[in-house]
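**Student:**
Residue numbers (mature numbering (1 follows the signal peptide of the UniProt record, and there is no 0)): -29 to -1, 1 to 198.
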């Protein structure tokens, strides 16, 4: 059975890993990644399209010149994208987030195992926790980078607007606001770092205690050691 200190430290790391797993589920399940207001040229006046969307679906509405508003409609992101690059990048972000979900689940399993037992295999111990938490944090960071790149380089919001309203003309101006579904990825990275720090402190404390136990033998007289 593990010591009380080990159980407490790995239980704390297990809690942060479970929180990370649940928050990744929220990131994938909610559709408030981006809110965009996009202006297009019209026949007599400009047209503004308002979008709120995530990785799978979203809503859009059109406001024409003097305030005439087209009723809000729901759309599927994959169906509205004609740009292959933009669609491929959305798919890549989804795959990366699913991988982060799996690594977070594995990290939760490893920390739980160490909280209740002493695994014989080295990788099932702190090494495994370091590995899976690091990979999870890296995957989340990549997703956070790829999404803005898709917005700027592949004009994701403009493409989605054209998918909602085919009569739109020349794009004039865009204004983007990132939603909570995007920003919640920052605390996920912090939770992964917290898990690594907790286990590091446990390993460091155990190593220091082991060294202290070895010192009396190192400092003992030779005749005592021989005896």
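Don't be surprised by glycine CBs; every beta carbon is placed ideally from N, CA and C.
Report the three-state DSSP secondary structure of residue 134 (helix, strand or coil).
**Tutor:** Looking at residue 134 - three-state DSSP - the assignment turns out to be helix.
**Student:** Measure the C-alpha to C-alpha separation of residue 197 and residue 90 and round it to an integer number of angstroms.
**Tutor:** Confidence in residue 197 is poor, its pLDDT being 45 and thus under 50, which makes the residue's placement unreliable; the coordinate value appears in the next sentence. Approximately 35 Å between the Cα atoms of the pair.
**Student:** To the nearest angstrom, how far is it from the Cα of residue 29 to the Cα of residue 131?
**Tutor:** If I take the Cα positions, the gap works out to 9 Å.
**Student:** In terms of DSSP beta bridges, what is residue 22 paired with?
**Tutor:** In the DSSP output, where bridge partners are listed per residue, residue 22 has 7, 31.
**Student:** Take residue 137 as the anchor and find which of 78, 27, 11 has the nearest alpha-carbon.
**Tutor:** Nearest of 78, 27, 11 to residue 137, Cα basis: 11.
**Student:** To the nearest angstrom, how far is the alpha carbon of residue 195 from that of residue 72?
**Tutor:** Unreliable positioning characterises residue 195 in this predicted model, as indicated by a pLDDT of 46, which lies under 50. The coordinate reading is nonetheless provided below. Approximately 56 Å, taken between the alpha carbons.
**Student:** What are the boundary residues of the beta strand (DSSP E) that residue 143 is part of?
**Tutor:** Residue 143 -> beta strand (DSSP E) spans 142 to 149.
**Student:** Which stretch, first to last residue, makes up the alpha helix (DSSP H) that contains residue 84?
**Tutor:** Residues 55 to 87.
**Student:** If we ignore side chains and look at the alpha-carbon of each, how far apart do residue 143 and residue 127 end up?
**Tutor:** Roughly 15 Å between the two C-alpha positions.
**Student:** Would you check if the distance between the CB atom of residue 2 and the CB atom of residue 20 is smaller than 8 Å?
**Tutor:** Not closer than 8 Å, so no.
**Student:** Excluding the 5 residues preceding and the 5 following residue 117 in the sequence, name in chain order all residues of the same chain whose CB lies nearer than 8 Å to its CB.
**Tutor:** Cβ neighbours of residue 117 beyond the five flanking positions: 60, 63, 64, 67.
**Student:** Could you give the C-beta distance for residue -9 and residue 105, rounded to a whole number, given that I count them as a contact under 8 Å?
**Tutor:** Residue -9 to residue 105, Cβ: 16 Å. No contact.
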